[in-house]
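All remarks here apply to the structure that follows.
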Amino acid sequence: MICSIKLTGGYVVKYTLKKADEDSLLYSKNNIVTKVNNQFMKLTGYPKSELIGKSLTDISRLLRIDSQVQLEIIESEYNLYMFTSKFEPKEVIISCKRLESKNENIYHIKYKPNTRFEDKLPFAASLLLDNKIGIAIYSITDGILLRVNKKFLDFWNVLYKEEGNIIGRTPEEAFNGFKGSNFEKIFFNVITTHKPYYSKELKYENLERGDTYCDVSFVPICISGEAKYIIHTTYDITEKVINRKLVEEQKEELEAIIQNMSDGLLVVDKDYNCFLLNKGAREFVYKADSFKRVGDTFGYTKYYNSEGNLLTIQDFYPFRVLKGERLKEYRVTANRPDGIFHFNISGSPVYDNDGNITKAVICSRDVTEHVNKSKLIITQKEELEAILENMSDALAIFDRHGIYKKFNKCCRDIFLFDTEKINNLEDVYSQAEFTDSNEKLISVENSPVKRILKGEKLIGYKKMVKIKNNIFYTELNGTPIYDKEENLIAGILLIHDITDKVKSEANLLIKAQLDILNNIIENLDVGFVRCSYPEYKIIDINKKAYEGLKEINCKMGSISSIKGQGYFDVYNDGEKVEVTKAIQDLIGGKNGSHFSYIKYTMFQEKYFKIIYQPLLGINNQYIELVVIAIDISEEVEAKNKMNEILKMQEELFANVAHELKTPLSVIFSTNQLMDLYNKNNLLDVKKKNVFKCINIVKQN
288 MICSIKLTGG YVVKYTLKKA DEDSLLYSKN NIVTKVNNQF MKLTGYPKSE
338 LIGKSLTDIS RLLRIDSQVQ LEIIESEYNL YMFTSKFEPK EVIISCKRLE
388 SKNENIYHIK YKPNTRFEDK LPFAASLLLD NKIGIAIYSI TDGILLRVNK
438 KFLDFWNVLY KEEGNIIGRT PEEAFNGFKG SNFEKIFFNV ITTHKPYYSK
488 ELKYENLERG DTYCDVSFVP ICISGEAKYI IHTTYDITEK VINRKLVEEQ
538 KEELEAIIQN MSDGLLVVDK DYNCFLLNKG AREFVYKADS FKRVGDTFGY
588 TKYYNSEGNL LTIQDFYPFR VLKGERLKEY RVTANRPDGI FHFNISGSPV
638 YDNDGNITKA VICSRDVTEH VNKSKLIITQ KEELEAILEN MSDALAIFDR
688 HGIYKKFNKC CRDIFLFDTE KINNLEDVYS QAEFTDSNEK LISVENSPVK
738 RILKGEKLIG YKKMVKIKNN IFYTELNGTP IYDKEENLIA GILLIHDITD
788 KVKSEANLLI KAQLDILNNI IENLDVGFVR CSYPEYKIID INKKAYEGLK
838 EINCKMGSIS SIKGQGYFDV YNDGEKVEVT KAIQDLIGGK NGSHFSYIKY
888 TMFQEKYFKI IYQPLLGINN QYIELVVIAI DISEEVEAKN KMNEILKMQE
938 ELFANVAHEL KTPLSVIFST NQLMDLYNKN NLLDVKKKNV FKCINIVKQN
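Residue numbers are given in my numbering: position 286 of the sequence shown equals residue 573, and the series is strictly consecutive.
Have a look at this one:
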């Protein structure tokens, strides 16, 4: 420019300087800005300090032209939008002149007149300022964003949420989630076709905040017959759509719930028109299609309340609810042609703003199966109660704490105390005494109830019960009861009264003992008496014993008359003392039988051996006393005669010994004398003397 001034003269220089003043100029060397003119600073709004020393890349970014072109690659004129420091778009033409020798570039930026945005699109400018809806304006040729308001930024959640970060950029660079979204498809379709696009409740799926709904429009704007801009408006209706969809979903869910309710739901208006809302309500009435108004079913259905009273139409539940009454679980029985059904009715009136009842909402629940099962359960319970009450064995049921819950009739009859006042085991032990089969007292801790509560099963456990001096015998079977989680919840005790069996066994034992004794008695000539214990009353007596006692007590009556009398009363005073002492010795602790002897004299002396034999019960207790009398008079007489003979023999042997004493002495002396003669060689003399002695003995 300067060189051309020197060569062409004054006129040319003046023209060249004027041309330079009209264009904005930017100088660079080695891609670094070295100089800008005032026109450039005025056009861009940036001071020299923010421009000098920057790279061309930085300047491209600062002027927001980098999405369109880079300054380094401009070789000829290039039409584009440049943005000022206040983000205002300027439509300019940029050209570049390169000085190869000095590696310098001179950029001419020429502003295109009459392209100011606010002048071309005043209505759009007012929308931007209004900020009621989101609005963005794009260049239709290259798709860069020229203007945007805050509402739009907030909706799209743009990068960094600042206008300066997206102005001059394409939507893909500016907006999160643009790639692959509906926005991308619509935007490029409008750019390609130049046709507007409108949509209600358009759904954007790839936005960071989630699914978003809005009313949108993409409108191409033509200037002088040429498509120049795209105005993009966005009105966020996400909350409205979500609320509506939520209401719709709730409505659908409510309808699904109503239709799938096991309870019937119906509405009755103030004119008594009925609306069956679900299947359950239709099952409530017979011939549901003909059920239009309250009372239509009374022609073929009779309704009863829980007390069995027939309901009139005025007592019918819809009339009551429409009068303001609230019903809850009101039992109605419907006797219909297809059977008898039971329903629980709940109903509430609905009021308008003036407090007037407009309708009744009624819920009906079919409880027919429940009622029938309840009746069956009640019947079964009554039958079970009857079975338990009429069991021949006693039954006691108690919970896991040992609290009695049930006594049947047999149990109440066996235990003479008032079972209604028996609450726990301690109450039982306060009125009764229990012993096992070995006659050992059963403690509370070792009782059948405690053992069952510890998880033990009892089978055939025998014990004796003593209540108010009454004794009876029982055989117990018991088991613990568990729930599904194996927790003990109760115990059952089955008590079988075996008192008669025990007594029968005792009687059999006694009979067996008596049979043995009777056999002995039948084969031996002995006296036999049975006495009760401890009264000592004569139960039975045989003829031999009777005859013996008759000789002792001649005043004694017949056999039949003395049965039932005291055993001691048939003796005289002398014998009574001995008999009493013998029995006392037996009862006093001596084991087995006891033997005694008795002597009495009437017309002659007689001797008897008396055997006292106790009869034992099952528990080894004395129950009877058997007295056996054996006549040993002959034995005693024989013994006495033997004693006399032995005494006579003793006297005879004493006399014989005396008579033999002298001859034996002579013999012993002679024997000693012969020994003496033998020692002194006097044998011949000795022999003569011996023979002499012998002759003397013979003579004597």
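In this text, a Cβ means the ideal position worked out from N, Cα and C, and glycines have one as well.
For the set Glu459, Leu796 and Thr479, the Cα lying nearest the Cα of Ser354 is the one of Glu459. Shown here, Lys646 sits in a strand according to DSSP, grouped into three states. In the structure shown, the three-state DSSP call for Pro605 is helix. Taken through DSSP and simplified to helix, strand or coil, Lys335 comes out as helix. The DSSP-derived three-state label of Glu535 is helix.
The shortest CA-to-CA distance from Ile644 to any of Ser635, Ser372, Cys650 and Leu675 is the one to Ser635.
DSSP places Val914 in the uninterrupted beta strand (DSSP E) bounded by Tyr909 to Asp918. Per the DSSP secondary-structure output, Cys383 pairs in a beta bridge with Tyr394.
Judged by beta-carbon spacing, Tyr573 lies beyond the 9 Å limit of Pro605, meaning their Cβ atoms are not closer than that value.
Residue range Val813 to Ser819 is occupied by the beta strand (DSSP E) that includes Ser819. As a beta-bridge residue in DSSP terms, Asn631 pairs with Arg618 and Arg652. Beta-bridge partners of His783 (DSSP): Glu762. In this structure, the CA atom of Leu358 is about 28 Å from the CA atom of Glu471. With respect to the 9 Å criterion, Asp602 and Phe628 are not classified as neighbours on the basis of their beta carbons. Within the model, the alpha-carbon separation for Met678 versus Asp723 is close to 25 Å. Straight-line measurement puts the Cα of Leu338 at about 16 Å from the Cα of Glu391. Exclusion of the five residues before and after Leu598 leaves Tyr590, Tyr591 and Asn592 as the residues of its chain whose Cβ lies within less than 7 Å of its Cβ. For Ile649, the closest of Pro507, Leu740, Asn565 and Ala543 by C-alpha to C-alpha distance is Asn565.
Contact check for Gly853 and Phe895: beta-carbon distance about 20 Å, past the 8 Å limit, so the pair fails to qualify.
DSSP, read as helix, strand or coil, puts Ser577 in helix. If you draw a straight line from the Cα of Ile664 to the Cα of Leu728, it comes to about 43 Å.
Between Tyr333 and Ser372, the CB-CB gap stays under 9 Å.
Distance from the CA of Ile381 to the CA of Cys501, rounded to the nearest whole angstrom, comes to 39 Å.
Rounded to whole angstroms, the separation of the alpha carbons of Leu795 and Gly814 is 23 Å. In terms of Cβ geometry, Lys438 and Thr521 form a close pair [threshold 9 Å].
With at least 16 other beta carbons inside 10 angstroms of its own, Thr584 counts as buried. In the displayed model, Arg434 falls within a strand according to three-state DSSP. The beta carbon of Thr867 sits closer than 8 Å to those of Phe855, all from its chain and outside the five residues before and after it, given in chain order.
Each residue's CA atom was taken as its position, placing Ile510 and Ile517 some 12 Å apart. Counting only runs of 4+ residues, the alpha helix (DSSP H) found wholly inside the stretch 394 to 426 occupies 404 to 407 and 409 to 417, in chain order. Here Thr479 is exposed. Its C-beta has fewer than 16 other C-beta atoms within 10 Å. As summarised for the stretch 453 to 499, the continuous alpha helix (DSSP H) elements at least 4 residues long and confined to that stretch are 458 to 461 and 469 to 480, given in chain order.
For the options Ile779, Lys708, Leu675 and Val752, the alpha carbon positioned closest to that of Ile701 is the one of Val752.
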